[in-house]
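Colleague: Quick one: structure below, then a few questions.
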Amino acid sequence: MKRILLILLFGVVLLNPVGSATELVMLDIGHSMQSRGATSPDRKLSECAFWYKNAGEVKREIEAAGYRCIICNRSSAPPREPYASYAKKAGVVHLNKPDTGVRYPSKYFPARIGAGMVSADFGIEQKPTCMVFLHLNSTEGWLRSPVAGLIIHSRVHGKALGESLKRAFNEELLDHSDGVSNGGKGCRTIVRYRKEETASGWLNALDDAGIPSAVIEALYVNNRVHAAYLLTDAGGKKVAQTVAHGIINWLTNRDKN
Ligand SMILES: [Zn+2]
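Just so we're aligned, residue 0 is where the sequence shown starts under numbering that gives the first Met the number 0, counting upward by one.
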């Protein structure tokens, strides 16, 4: 009898995810399908379209680890397929503020200014454990020389989250050895925070609210190797899982830091 109880107990521990179902991870899909953010020079890849396709996989992994997850976007639901279906399937909450690119203040911390601030304000209202903004990076034209990918984190509360995301990208995703990953040299990701009062307004607003936050800018739409990879189903899924692992690793190791 005792042995059966032990086996049952073991089964319950195994089947139950480790995370706390009361804790919430907020994700934000950057930009809008009307104004898609960074786009590859051949126009095949944009950061907004990429994350509509793949944010659901980040959410799935986070929920599988036992946490709640909400995805939001500053604009209205994409009217066209396949993005309409991606948004519906991932349960994206659309905040319906036209995305004009104009910067405006946070309603909670008016000194903090940014385009798409409605997302940070929505995040603050939900009282999440952390918030991660999903973007891709770009420079002018196709990249010819290596540029480090960025994870930008909120200055006071986001450092450990940023480091965890960086580690996930460097250890799980980027190839540092093959000589072609980033215009001639292996890729890497570094962390930054913004100290300016007005730049990265979302991160500063969330920091004021005491919420750890980060922006994913680790991959480049104008790096040919990155772009080709990001456009495949398997590549998109792997990137999404890498983001999820960076968040989950931070959630599970928080108390040890
Ligand atoms: Zn962006």
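Backbone N, C-alpha and C fix where the C-beta goes; we use that ideal spot for every residue, glycine too. It should be emphasised that the depicted structure is a prediction, and the values quoted were computed from it without experimental measurement.
Does the Cβ of Gly29 lie closer than 7 Å to at least one heavy atom of ligand 1?
Modeller: For the purposes of this step, residue 29 is identified with residue 30 of the sequence shown, where counting begins at 1. The answer is yes for Gly29.
Colleague: Grouping DSSP H, G and I as helix and E and B as strand, with all else coil, what is Cys186?
Modeller: In the sequence shown, residue 186 corresponds to position 187, counting from 1. Three-state result, Cys186: coil.
Colleague: With Leu164 and Ile215 assumed to form a contact (beta carbons below 8 Å), what rounded beta-carbon distance in angstroms separates them?
Modeller: In the sequence shown, the residue the question calls residue 164 occupies position 165. In the sequence shown, the residue the question calls residue 215 occupies position 216. Rounded, the Cβ-Cβ distance is 7 Å, consistent with contact.
Colleague: Is the closest heavy atom of ligand 1 to the C-beta of Ala37 under 7 Å?
Modeller: Along the sequence shown, read from residue 1 onward, the residue named residue 37 stands at position 38. For ligand 1, at least one heavy atom lies less than 7 Å from the Cβ of Ala37.
Colleague: Using a Cβ-based criterion (distance less than 7 Å to any ligand heavy atom), does Glu46 qualify as near ligand 1?
Modeller: Position 47 of the sequence shown, counting from 1, holds the residue named residue 46. Yes.
Colleague: Where His156 and Gly140 are concerned, what is the direct C-alpha to C-alpha distance, given to the nearest angstrom?
Modeller: Residue numbering aside, residue 156 sits at position 157 when the sequence shown is read from its first letter. Residue numbering aside, residue 140 sits at position 141 when the sequence shown is read from its first letter. Distance between the alpha carbons of His156 and Gly140: 35 Å.
Colleague: What does the Cβ neighbour count give for Gly113, buried or exposed, with the cut at 16 atoms within 10 Å?
Modeller: The count along the sequence shown starts at 1 and reaches residue 113 at position 114. So Gly113 counts as buried.
Colleague: In whole angstroms, give me the CA-to-CA distance for Arg73 and Ala86.
Modeller: Sequence index remark: in the sequence shown, residue 73 carries index 74 (1-based). Sequence index remark: in the sequence shown, residue 86 carries index 87 (1-based). Rounded to the nearest angstrom, the two C-alpha atoms are 13 Å apart.
Colleague: Applying the 10 Å Cβ sphere with the 16-neighbour rule, what's the burial state of Ser199?
Modeller: The residue you call residue 199 lines up with position 200 of the sequence shown. Looking at its Cβ environment, which holds 16 or more other Cβ atoms inside 10 Å, Ser199 is buried.
Colleague: Per DSSP, which residues does Tyr219 bridge with? Please list them.
Modeller: Here residue 219 refers to the residue found at position 220 when the sequence shown is read from its first residue. BP columns for Tyr219 point to Asn136.
Colleague: Going by the C-beta, is His134 closer than 7 Å to any heavy atom of ligand 1?
Modeller: Within the sequence shown, the letter at position 135 stands for residue 134. Flag set: Cβ of His134 near ligand 1.
Colleague: Could you compute how far the alpha carbon of Arg223 sits from the alpha carbon of Val146?
Modeller: Sequence index remark: in the sequence shown, residue 223 carries index 224 (1-based). Sequence index remark: in the sequence shown, residue 146 carries index 147 (1-based). One C-alpha to the other measures close to 13 Å.
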